[in-house]
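Residue numbers (the numbering used here): 3 to 362. Worksheet: the structure to be examined is printed underneath.
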């Protein structure tokens, strides 16, 4: 039959049309109540339109995703496979989320700040049943909170009410916690203070790093999010109010937070180093040189010198050894740079790391 397959849904669910006989160079359109975009047609578009329009029909939920960084990328990829995502919002500084939206031909809104008029207009045009947030760098304005019918939920990397704030996982590792966690909760006008929908604990092992813990929490968080969405599809969902008197808040990690204090002890330094990403690592200064440290471990339980003192110069056969207040640590991976930020060669760097020198 030479006709256009029209999948018409109620205004609440928008309208999708495709022509199954068009070749790949022609167009497919996606309509919301007030929003329209076009993309190149392919078979995935046809399957998506059929799947959402025929299989889900009126029972599907229109999901809009607000996210950022690696914390937001994994749940977004899973949502695109499992749910009806009708819109994505990300910071203009976040290419990961934007790229994923464009790759999947999902209407994507890039914003500079939360007060942009197009932010609210885009969300209203998507007419979502529910908004899902993960790693979004902006606090949502109050006028946004009432847009989705079922509410706005957030995937947060801690056991709320503890460790509210933008970098909960990093701070849990820095503070030496043995148990981390992930929470799915409603978003309200405050920061990470909405009613809790689901939670799960995840142990922090001594071998864990920020990367391994992010992977663990991401997988656990997606399972919680999937179960939470299943509850919403069955009917109204209520959360459990947080115990606000037990709450704690940690802000963004600053340069001062990343500076190693050699008097703080081996475990505190070890936790700081493994808690930070490679693009913003822990560091210590030696005269006019900055040493970024990416990996170390404890080697003795008693100090062999003064805190910050270099005990052993690095070489091909052995690591650099530095003294702390309660023992010595071996540094296995590091880089050195001058005041201009340019990396120094290994030969130049090693000449500066002579035994008896002190990191400040």
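Glycine is no exception: its CB is placed at the ideal position from the N, C-alpha and C atoms. Keep in mind it's a predicted model, so treat the numbers as computed, not measured.
Under DSSP, the alpha helix (DSSP H) around residue 334 begins and ends at which residues?
Here residue 334 is taken as the residue at index 332 of the chain shown, counted from 1. Here residue 334 belongs to no alpha helix (DSSP H); instead the beta strand (DSSP E) covers 329 to 339.
Tell me the residue span of the beta strand (DSSP E) that contains residue 242.
Residue mapping note: residue 242 aligns to position 240 of the chain shown, counting from 1. Run containing residue 242: none; DSSP gives neither H nor E here.
What is the rounded straight-line gap between the Cα of residue 87 and the Cα of residue 282?
Taking the first residue of the chain shown as position 1, residue 87 is located at position 85. Taking the first residue of the chain shown as position 1, residue 282 is located at position 280. Rounded to the nearest angstrom, the two C-alpha atoms are 33 Å apart.
Measuring only the C-alpha atoms, how far is residue 39 from residue 107?
In the chain shown, residue 39 corresponds to position 37, counting from 1. In the chain shown, residue 107 corresponds to position 105, counting from 1. Caution applies to residue 39, whose pLDDT of 35 falls short of 50 and renders its modelled position unreliable; the value that the coordinates give is listed next. The straight-line gap from Cα to Cα measures roughly 9 Å.
Between 175, 146, 176, 200, which has its C-alpha nearest residue 163's C-alpha?
Indexing the chain shown from 1 puts residue 163 at position 161. The shortest C-alpha separation from residue 163 is found at 200.
Between the alpha carbons of residue 347 and residue 78, how many angstroms are there, rounded?
Numbered from its first residue, the chain shown carries residue 347 at position 345. Numbered from its first residue, the chain shown carries residue 78 at position 76. Whole-angstrom Cα-Cα distance: 40 Å.
With a floor of 4 residues, list each alpha helix (DSSP H) that falls wholly inside the segment 263 to 294, ordered by position along the chain.
Counting only runs of 4 or more, we get 268 to 277.
Are the beta-carbon atoms belonging to residue 310 and residue 264 less than 8 Å from one another?
Locating residue 310 in the chain shown gives position 308, counting from the first residue. Locating residue 264 in the chain shown gives position 262, counting from the first residue. Against a cut-off of 8 Å, the Cβ pair of residue 264 and residue 310 comes out as a contact.
So, is residue 131 buried or exposed, given that buried needs 16 or more other C-beta atoms within 10 angstroms?
Start at 1 with the first residue of the chain shown, and residue 131 comes out as number 129. Buried, because 16 or more other Cβ atoms sit within 10 Å of the Cβ of residue 131.
From the DSSP secondary-structure annotation, give me the bridge partner or partners of residue 203.
Taking the chain shown and counting its residues from 1, one reaches residue 203 at position 201. Looking at the DSSP assignment, residue 203 forms a beta bridge with 183.
Just tell me which of 167, 321, 273 has its CA closest to the CA of residue 301.
Against the chain shown, residue 301 aligns to sequence position 299. The shortest Cα separation from residue 301 among 167, 321, 273 belongs to 321.
State buried or exposed for residue 158, treating a residue as buried only when at least 16 other CB atoms are found within 10 Å of its CB.
If you number the chain shown from 1, residue 158 lands on position 156. Flag for residue 158 reads buried.
Shortest alpha-carbon distance to residue 197 belongs to which of 210, 188, 235?
Looking up residue 197 in the chain shown gives position 195. The shortest Cα separation from residue 197 among 210, 188, 235 belongs to 188.
Would you say residue 274 and residue 312 are within 8 Å of each other, going by their C-beta atoms?
Residue numbering aside, residue 274 sits at position 272 when the chain shown is read from its first letter. Residue numbering aside, residue 312 sits at position 310 when the chain shown is read from its first letter. Contact: no.
Check whether the segment 113 to 120 touches the segment 90 to 101, counting contact only when three or more Cβ pairs, one atom from each stretch, lie closer than 8 Å.
Yes, since at least three Cβ pairs between the segment 113 to 120 and the segment 90 to 101 fall closer than 8 Å, the two stretches touch.
State yes or no: is the C-beta of residue 232 within less than 8 Å of the C-beta of residue 204?
Numbered from its first residue, the chain shown carries residue 232 at position 230. Numbered from its first residue, the chain shown carries residue 204 at position 202. No, they are not a contact pair.
Three or more C-beta pairs closer than 8 Å, one from the segment 205 to 214 and one from the segment 276 to 295: is that the case here?
Touching, yes.
Considering Cα atoms alone, identify which of 304, 98, 285 is closest to residue 74.
To locate residue 74, count along the chain shown from 1; it is residue 72. It is 98 whose Cα lies nearest to the Cα of residue 74.
Would you tell me roughly how many angstroms separate the C-alpha atoms of residue 331 and residue 314, rounded to the nearest one?
Residue mapping note: residue 331 aligns to position 329 of the chain shown, counting from 1. Residue mapping note: residue 314 aligns to position 312 of the chain shown, counting from 1. Cα to Cα, the separation comes out at about 10 Å.
In the DSSP assignment, what are the bridge partners of residue 311?
Along the chain shown, one-based indexing puts residue 311 at 309. Partner(s): 360.
Can you name the start and end residues of the beta strand (DSSP E) that residue 164 belongs to?
Along the chain shown, read from residue 1 onward, the residue named residue 164 stands at position 162. Here residue 164 belongs to no beta strand (DSSP E), and DSSP marks it neither H nor E.
Would you kindly report the start and end of the unbroken alpha helix (DSSP H) that includes residue 342?
The count along the chain shown starts at 1 and reaches residue 342 at position 340. No alpha helix (DSSP H) holds residue 342; DSSP gives it neither H nor E.
Quick check: residue 173 and residue 80, are their CB atoms within less than 8 Å of each other?
Along the chain shown, read from residue 1 onward, the residue named residue 173 stands at position 171. Along the chain shown, read from residue 1 onward, the residue named residue 80 stands at position 78. Not a contact, by the Cβ cut-off of 8 Å.
Which value, in whole angstroms, describes the spacing of the CA atoms of residue 138 and residue 144?
Counting from one through the chain shown, the residue named residue 138 turns up at place 136. Counting from one through the chain shown, the residue named residue 144 turns up at place 142. Their Cα atoms are separated by approximately 16 Å.
Measure the Cβ-Cβ separation of residue 329 and residue 292 and say whether it is below 8 Å.
The sequence position of residue 329 within the chain shown is 327, counting from 1. The sequence position of residue 292 within the chain shown is 290, counting from 1. Their beta carbons are not under 8 Å apart, which means residue 329 does not touch residue 292 by this criterion.
Does DSSP put residue 100 in a helix, a strand or coil?
The residue given as residue 100 occupies position 98 in the chain shown. Here residue 100 sits in helix by DSSP.
When burial is assigned at 16 or more other CB atoms within 10 Å of the CB, is residue 353 buried or exposed?
Position 351 of the chain shown, counting from 1, holds the residue named residue 353. It is exposed - the Cβ of residue 353 has fewer than 16 other Cβ atoms within 10 Å.
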